[in-house]
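Asker: Numbering (the working numbering), first residue to last: 1236 to 1458. All C-beta atoms in this analysis are idealised placements derived from N, C-alpha and C, irrespective of residue type, glycine included. Being a predicted model, the structure only gives us computed values, none of them experimental.
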């Protein structure tokens, strides 16, 4: 069973615009990209339908789909489950693309490994209660004063920041993109049925020809 996404997108007869076209009444069939599949809200908003998954290495959506569903053509299910519209910016880069991106953006290793910003180290009191969580973006000289009930006195914590380099900053962005959700295979048929319903044209209207084809008006005939 293979279900490539664009094979399910309906067609639209568009007036032919080729340079050598001689007949003003000719049409070219194109995919209607305004028709877009999506997961229904009761599924998309319920974590019980999904499992967590970490993208490994240079895996693409089709690789993940093959691993999970044994069908690489279901890459669109992987993307819909994570509301990914632009794979170029919302999917983690391959290592080669990432290296090229860093060189283009930062130019030299000195700049790449210079400090981008500072983040907090974790600070706890003597009772193990977190006073400052790790990873807050702050100024380099950030400090905090708090009352430690275990010591019965105020304590000031200093030198509690770490410099995050440009490389670490960019690498974390990519790493965050690796944490995705996978629709459980048991619910695939629900998605297939929904997509069939979404993609079909409803009967009626001057443009309707059949459930998978509409035809636009040919304004050339009226010029």
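Taking only three categories from DSSP, how would you classify residue 1249?
Answerer: strand
Asker: Assign residue 1247 to one of two classes, buried (16 or more other C-beta atoms within 10 Å of its C-beta) or exposed (fewer than that).
Answerer: Around the beta carbon of residue 1247, a 10 Å sphere encloses 16 or more other beta carbons of the protein chains shown; the residue is thus reported as buried.
Asker: Taking the alpha-carbon positions, what's the residue 1363 to residue 1393 distance?
Answerer: 18 Å
Asker: Secondary structure at residue 1330, three-state DSSP: helix, strand or coil?
Answerer: helix
Asker: Alpha carbon to alpha carbon, what distance is there between residue 1323 and residue 1348?
Answerer: 25 Å
Asker: In whole angstroms, what separates the C-alpha of residue 1382 from that of residue 1365?
Answerer: 12 Å
Asker: Return the Cβ separation of residue 1378 and residue 1395 in integer angstroms, given the expectation that the two are a contact with Cβ distance under 8 Å.
Answerer: 7 Å
Asker: Is residue 1450 helix, strand or coil when you go by DSSP?
Answerer: strand
Asker: Suppose contacts are defined by Cβ-Cβ distances below 8 Å. Is residue 1355 in contact with residue 1373 by that definition?
Answerer: The answer is yes: Cβ separation under 8 Å.
Asker: Alpha carbon to alpha carbon, how far is residue 1427 from residue 1450? Give it in angstroms, no decimals.
Answerer: 25 Å
Asker: What first and last residue would you give for the alpha helix (DSSP H) that runs through residue 1288?
Answerer: Segment 1285-1289 is the beta strand (DSSP E) holding residue 1288; no alpha helix (DSSP H) there.
Asker: Hey, which unbroken runs of the alpha helix (DSSP H) at 4 residues or more fall wholly within the stretch 1362-1428?
Answerer: 1401-1412
Asker: With 16 as the cutoff for other CB atoms within 10 Å, does residue 1339 come out buried or exposed?
Answerer: Result: exposed.
Asker: Expressed to the nearest angstrom, what Euclidean distance is found between the alpha-carbon atoms of residue 1265 and residue 1275?
Answerer: 26 Å
Asker: Roughly how far, in whole angstroms, is the beta-carbon of residue 1310 from the beta-carbon of residue 1296, given that I think they are within contact range, below 8 Å?
Answerer: 4 Å
Asker: Give the straight-line distance between the Cα atoms of residue 1304 and residue 1271, rounded to the nearest whole angstrom.
Answerer: 22 Å
Asker: Which same chain residues, not among the five before or five after residue 1376, have their C-beta less than 6 Å away from its C-beta?
Answerer: none
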